[in-house]
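> Below is one structure. I have some questions about it.
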Amino acid sequence: MTGKAILLVVIGFSLTLLSVGQKFGSVSNRAVDNYVSYQKETLAHNIAISGANIAANEIYMNPTWTKGYSNMQFQKGNLDVTVDIVDADLGLREITATGTFMGKSSEVKIRIAPSNFSEYAYYSTYERSSPLSGGKIWWTGKDTVWGPFHTQDNLNVYQHPAFLGKHTSHKKSINYYKNKSSDAPTITGIYEPGKNLVIPPQAVENLEAAADDNGLKFQDKDSLYLIFDRDSLRYKYNYSDEYTALYLPTAAPNGLIYAKDMVVRLKGVVQGKYTIGCSSSSTTSTEKGTVWLDDDIVYATDPQVDPNSTDLFGIVAENYVYITENSVNNNNINIQASIFSENWGFGAYNYADRPVGGDINLLGGIQQNYRQAVGTFGSKGIKSGYTKQYRYDWRLAFMSPPFYPGTGGFRIVSWFE
Amino acid sequence: MGFTTLFDIAGSMIIGGILMMTVWNLSDASTEKTYSNSGELTVQQNLLILAQIVEFDFRKIGYCNSWNAIMDPRTKQPFNSSQAIIYADETSISFYTDLEPYDGVLDSVSYYLGPVSDCSETPNPRDRMLYRVENNETPRSANLGVTDFRMTYYDVNDNIISPPVLTRGLIKSIEINITVENTAAYDEKYSSAFWKQIRLASRNVSRSKTE
Chain C
8 MTGKAILLVV IGFSLTLLSV GQKFGSVSNR AVDNYVSYQK ETLAHNIAIS GANIAANEIY
68 MNPTWTKGYS NMQFQKGNLD VTVDIVDADL GLREITATGT FMGKSSEVKI RIAPSNFSEY
128 AYYSTYERSS PLSGGKIWWT GKDTVWGPFH TQDNLNVYQH PAFLGKHTSH KKSINYYKNK
188 SSDAPTITGI YEPGKNLVIP PQAVENLEAA ADDNGLKFQD KDSLYLIFDR DSLRYKYNYS
248 DEYTALYLPT AAPNGLIYAK DMVVRLKGVV QGKYTIGCSS SSTTSTEKGT VWLDDDIVYA
308 TDPQVDPNST DLFGIVAENY VYITENSVNN NNINIQASIF SENWGFGAYN YADRPVGGDI
368 NLLGGIQQNY RQAVGTFGSK GIKSGYTKQY RYDWRLAFMS PPFYPGTGGF RIVSWFE
Chain S
315 MGFTTLFDIA GSMIIGGILM MTVWNLSDAS TEKTYSNSGE LTVQQNLLIL AQIVEFDFRK
375 IGYCNSWNAI MDPRTKQPFN SSQAIIYADE TSISFYTDLE PYDGVLDSVS YYLGPVSDCS
435 ETPNPRDRML YRVENNETPR SANLGVTDFR MTYYDVNDNI ISPPVLTRGL IKSIEINITV
495 ENTAAYDEKY SSAFWKQIRL ASRNVSRSKT E
């Protein structure tokens, strides 16, 4: 009897302990399951991100790549990538990458669009005015760049200039006028020191094909005088000639106006999206391929007043874009355009000896090979030329004038994960 | 019935008492362990859910489905995703994103840690509410036992930015620390679990270009 009782007690204890042990074990397993599940999700997500980056790189290497990947083994998981062209006109593509790891999956969607020089508020190849000029041009504490910035040169800074654009990049290093603590720039956007972005060769001449295909081309003359008059363009070839008017939507349906091997003299009011290209066939003279701004060139609808303005203008010159030295320009000049100079830059002609001209009120961006001067300053202020009032046209971050030179790359415009 | 019987009875009582004490201790230990283990499991589950929600939202900082048409409510200029963070300090953050159904309309999302008084009914003296607010609507929260929600902000050079961060666009990555404890525990022995995201960088804020 006593033996049976003890046996029952032992069995009872064993069952109780087994039950408790099983319960504790179950709780522990579920706790581990939590970590494992999170780990699997994280790995699936990382595979998806890797897939998106790999696909973006494929497109960079080959812009026509839309093949994607199907069930590709990656990091002991699986990767599926599709590439869809969502807007052929803008060249906008959507990459959808799905990572799968041990039953967990994650999706990343990114949109990429061709990158364009017009998105830069400021671009320069050299931070000096010519190959012969040894002097550096410094960005000072009075300078604020509101839009994307890149220079292929080192960045020269003095007393904390501010670069507040979406992205800021330059050659390898920053040159401080004194030292880092007294001169370091404020940079708020994406910062990419060491980035390499060159002006493509024949960026201007390449426009000719588009001008031949539904654009407007002028050629076989030395000079071209243009007045944008809202939806009309008035032109003449000599100063003493009478202007001839064209209705722009039919004269240049694709928005490109091209002056082949000419000097362009420009002013007026732009309505719609247009680019003026100006080329030169000479490799020794800079006379042709230069655009002269004889007076204001502004939008019919000022985007500073109406952000929904659809007017957009690009000036693309093979050599200089100069502010003409004349009486009307001696009392401020208003420029609303993105300005691109392939070989030289944007400046005020005869900047050191011309009269004080007030302000350059620029709304747009400047991309140039050599940074040019617009005036001279002394201890009492401006001595000749202009003071700069440059504002970035934020619309250029998303849209560009027709056929504006591209960088050859793509930019990620949206990242969803 | 004599001395032997009495000895048997006394012996039985002693052995029975020992057994009862053992069972009692076993029951007590079992109850404590059950509380403790299931409490730890609950803490882990709460932390996991929180981490997933936070990661889901923070990864979308600056995202907008209509990337080329959206206006920044502050500047009335086209939206610059790298400046999507509206306000940031050690225990709170507000930012713009595009919430479901991803309609291309910018939404604002805020996270902030409430005071301990919000959870005064719970035995744990340290737990707080972690609030999530969409578009200035009523703050939403559930008491998941959050005792700490701290963020550290880094600039493009990976330098720590002192909070509050008022300059737009300075923040490029965020370190997130979350600690969760039981709201109640056996003998006030609270379990805790800790999650740290060393550098969370929304690609819309810090992405680079492909060229």
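Taken in order, these protein sequences are the chains called C and S.
Okay, so the first sequence: first residue is 8 according to the working numbering, each after it adds one.
Okay, so the second sequence: first residue is 315 according to the working numbering, each after it adds one.
Virtual Cβ for every residue (Gly too), placed ideally from N, Cα, C.
All figures in this text were calculated on a predicted structure; none of them were measured in a lab.
So, with DSSP's three-state summary, where would you put Gly142(C)?
Along the first sequence, one-based indexing puts residue 142(C) at 135. Gly142(C) falls in the coil class under three-state DSSP.
> Using the rule of at least 16 other Cβ atoms within 10 Å of the residue's Cβ for burial, across every protein chain shown, is Ala359(C) buried or exposed?
Translated into positions along the first sequence, residue 359(C) becomes position 352. Exposed: under 16 other Cβ atoms inside 10 Å.
> Return the CA-CA distance between Asn491(S) and Ser352(S), expressed in angstroms with no decimal places.
Taking the second sequence and counting its residues from 1, the one referred to as residue 491(S) is at position 177. Taking the second sequence and counting its residues from 1, the one referred to as residue 352(S) is at position 38. Between Asn491(S) and Ser352(S), the C-alpha separation is close to 23 angstroms.
> Which residues, in order along the stretch 350-369 of chain S, keep a beta-carbon less than 8 angstroms from a beta-carbon of chain C?
Within the stretch 350-369 of chain S, the qualifying residues are Asn351, Ser352, Glu354, Leu355, Gln358, Gln359, Leu362, Ala365 and Gln366.
> Could you check which residue in Ile367(S), Met327(S) and Leu361(S) has the C-alpha nearest to that of Arg454(S)?
Position 140 of the second sequence holds residue 454(S). Comparing Cα-Cα distances from Arg454(S) to each of Ile367(S), Met327(S) and Leu361(S), the minimum goes to Ile367(S).
> Out of Lys11(C), Ile181(C), Phe170(C) and Ser180(C), which one is the CA nearest neighbour of Leu484(S)?
Counted from its first residue, the second sequence places residue 484(S) at position 170. Looking at the Cα atoms, Phe170(C) is the closest of the given residues.
> Since Lys347(S) meets chain C, which of its residues come closer than 7 angstroms, beta carbon to beta carbon?
What you label residue 347(S) is simply residue 33 of the second sequence in a count that begins at 1. In chain order: Phe31.
> Which same chain residues, not among the five before or five after Thr282(C), have their C-beta less than 8 angstroms away from its C-beta?
Numbered from 1 along the first sequence, position 275 holds the residue referred to as residue 282(C). Closer than 8 angstroms at the Cβ level, and outside the excluded window around Thr282(C), lie Leu214, Gly262, Leu263, Ile264, Phe320, Gly321, Ile322, Val323, Pro408, Pro409, Phe410 and Tyr411.
> Give me the residue from Thr103(C), Val27(C), Leu403(C) and Ala63(C) with the minimum Cα distance to Phe417(C).
Here residue 417(C) is taken as the residue at index 410 of the first sequence, counted from 1. Answer by Cα proximity: Ala63(C).
> Going by DSSP, what residue range makes up the beta strand (DSSP E) through Met109(C)?
The residue labelled residue 109(C) in the question sits at position 102 within the first sequence. Neither: Met109(C) is in no beta strand (DSSP E) and is coded neither H nor E.
> Can you give the beta carbon distance from Ala120(C) to Gly58(C), rounded, assuming they're within the 8 angstroms contact cut?
Indexing the first sequence from 1 puts residue 120(C) at position 113. Indexing the first sequence from 1 puts residue 58(C) at position 51. That belief does not hold up - the Cβ atoms of Ala120(C) and Gly58(C) are roughly 19 angstroms apart, past 8 angstroms.
> In whole angstroms, what separates the C-alpha of Asp303(C) from that of Lys228(C)?
The count along the first sequence starts at 1 and reaches residue 303(C) at position 296. The count along the first sequence starts at 1 and reaches residue 228(C) at position 221. Those two C-alpha atoms are separated by around 24 angstroms.
> Taking Lys395(C) as part of the alpha helix (DSSP H), name the residues at either end of that continuous run.
The count along the first sequence starts at 1 and reaches residue 395(C) at position 388. It is not in any alpha helix (DSSP H) - Lys395(C) instead sits in the beta strand (DSSP E) that spans Gly388 to Tyr399.
> Would DSSP call Cys285(C) helix, strand or coil?
Your numbering for residue 285(C) matches position 278 in the first sequence. Here Cys285(C) sits in strand by DSSP.
> Roughly how many whole angstroms lie between the Cα atoms of Leu139(C) and Gln511(S)?
Position 132 of the first sequence, counting from 1, holds the residue named residue 139(C). Position 197 of the second sequence, counting from 1, holds the residue named residue 511(S). Each residue's Cα considered, the two are about 52 angstroms apart.
> Could you tell me the boundaries of the alpha helix (DSSP H) in which Asn186(C) lies?
Counting from 1 along the first sequence, the entry for residue 186(C) is found at position 179. Unbroken run through Asn186(C): none, as it is neither H nor E.
> Just mark Glu325(C) as buried or exposed, buried being the case when its beta carbon has 16 or more other beta carbons within 10 Å.
In the first sequence, residue 325(C) corresponds to position 318, counting from 1. Label assigned to Glu325(C): buried.
> Considering only the beta carbon of each residue, do Asp318(C) and Thr331(C) sit closer than 8 angstroms?
If you number the first sequence from 1, residue 318(C) lands on position 311. If you number the first sequence from 1, residue 331(C) lands on position 324. Cβ atoms of Asp318(C) and Thr331(C): not closer than 8 angstroms.
> Please report the residue range of the beta strand (DSSP E) in which Thr411(S) lies.
The residue labelled residue 411(S) in the question sits at position 97 within the second sequence. First-last of the beta strand (DSSP E) with Thr411(S): Ser406 to Thr411.
> Could you tell me how far apart the beta carbons of Gly75(C) and Val88(C) are, in whole angstroms, since I believe they sit closer than 8 angstroms?
In the first sequence, counting from the first residue as 1, residue 75(C) sits at position 68. In the first sequence, counting from the first residue as 1, residue 88(C) sits at position 81. Yes, they are in contact, since the Cβ atoms of Gly75(C) and Val88(C) sit about 4 angstroms apart, within 8 angstroms.
> Taking all protein chains shown into account, decide if Lys523(S) is buried (16 or more other Cβ within 10 angstroms of its Cβ) or exposed.
To locate residue 523(S), count along the second sequence from 1; it is residue 209. Per-residue confidence for Lys523(S) stands at a pLDDT of 33, beneath the threshold of 50, marking its modelled position as unreliable; the derived number appears in the next sentence. So Lys523(S) ends up on the buried side.
> Mind checking Ile56(C): buried by the 16 CB within 10 Å criterion, or exposed?
As a first step, residue 56(C) must be located in the first sequence, where it is residue number 49. Buried is the call here.
> Kindly indicate which three-state DSSP category Ser516(S) falls into: helix, strand or coil?
As a first step, residue 516(S) must be located in the second sequence, where it is residue number 202. Ser516(S) falls in the coil class under three-state DSSP.
> Please go through the same chain and pick out, in chain order, the residues whose beta-carbon is closer than 6 angstroms to the beta-carbon of Ala365(S), but skip the five residues on each side of it.
The residue labelled residue 365(S) in the question sits at position 51 within the second sequence. The answer, listed in chain order, is Trp509.
> Note down, in chain order, every chain S residue with its Cβ under 7 angstroms from the Cβ of Trp422(C).
Stepping through the first sequence from its first residue, residue 422(C) is reached at position 415. Tyr377, Arg517, Asn518 and Arg521, listed in chain order.
> Please go through the same chain and pick out, in chain order, the residues whose beta-carbon is closer than 6 angstroms to the beta-carbon of Pro256(C), but skip the five residues on each side of it.
Indexing the first sequence from 1 puts residue 256(C) at position 249. There are no such residues.
> Can you check DSSP and say which residues form a bridge with Gln374(C)?
Working through the first sequence from its first residue, we reach residue 374(C) at position 367. In the DSSP output, where bridge partners are listed per residue, Gln374(C) has Tyr130(C) and Phe347(C).
> If we ignore side chains and look at the alpha-carbon of each, how far apart do Lys111(C) and Asp40(C) end up?
Counting from one through the first sequence, the residue named residue 111(C) turns up at place 104. Counting from one through the first sequence, the residue named residue 40(C) turns up at place 33. The straight-line gap from Cα to Cα measures roughly 13 angstroms.
> Does the beta carbon of Thr195(C) come closer than 8 angstroms to any beta carbon on chain S?
Translated into the one-based positions of the first sequence, residue 195(C) becomes position 188. At least one chain S Cβ lies under 8 angstroms of Thr195(C).
> Give me the residue from Gly142(C), Asp313(C) and Ile367(C) with the minimum Cα distance to Val335(C).
In the first sequence, counting from the first residue as 1, residue 335(C) sits at position 328. Val335(C) has its Cα closest to that of Ile367(C), out of Gly142(C), Asp313(C) and Ile367(C).
> Going by CA-CA distance only, name the one from Lys503(S), Arg513(S), Val419(S) and Arg446(S) that's closest to Ser393(S).
Position 79 of the second sequence holds residue 393(S). Correcting the residue type first, residue 393(S) is Phe in the shown sequence and not Ser. Residue Val419(S) is the option with its Cα nearest to Phe393(S).
> Reducing DSSP to helix, strand and coil, say where Asn36(C) ends up.
The residue given as residue 36(C) occupies position 29 in the first sequence. Correct three-state label for Asn36(C): helix.
> Between Thr23(C) and Ser422(S), what straight-line distance do the alpha-carbon atoms span, to the nearest angstrom?
On the first sequence, residue 23(C) is found 16 positions in, with the first residue counted as 1. On the second sequence, residue 422(S) is found 108 positions in, with the first residue counted as 1. Cα to Cα, the separation comes out at about 54 angstroms.
> First and last residue of the beta strand (DSSP E) that includes Glu489(S)?
Translated into the one-based positions of the second sequence, residue 489(S) becomes position 175. From DSSP, the beta strand (DSSP E) with Glu489(S) extends over Ser487 to Glu495.
> Tell me whether Leu14(C) sits in a helix, a strand or coil according to DSSP, three-state version.
Position 7 of the first sequence holds residue 14(C). Looking at Leu14(C) - three-state DSSP - the assignment turns out to be helix.
> Tell me the rounded alpha-carbon separation between Tyr127(C) and Val305(C).
Taking the first sequence and counting its residues from 1, the one referred to as residue 127(C) is at position 120. Taking the first sequence and counting its residues from 1, the one referred to as residue 305(C) is at position 298. Those two C-alpha atoms are separated by around 19 angstroms.
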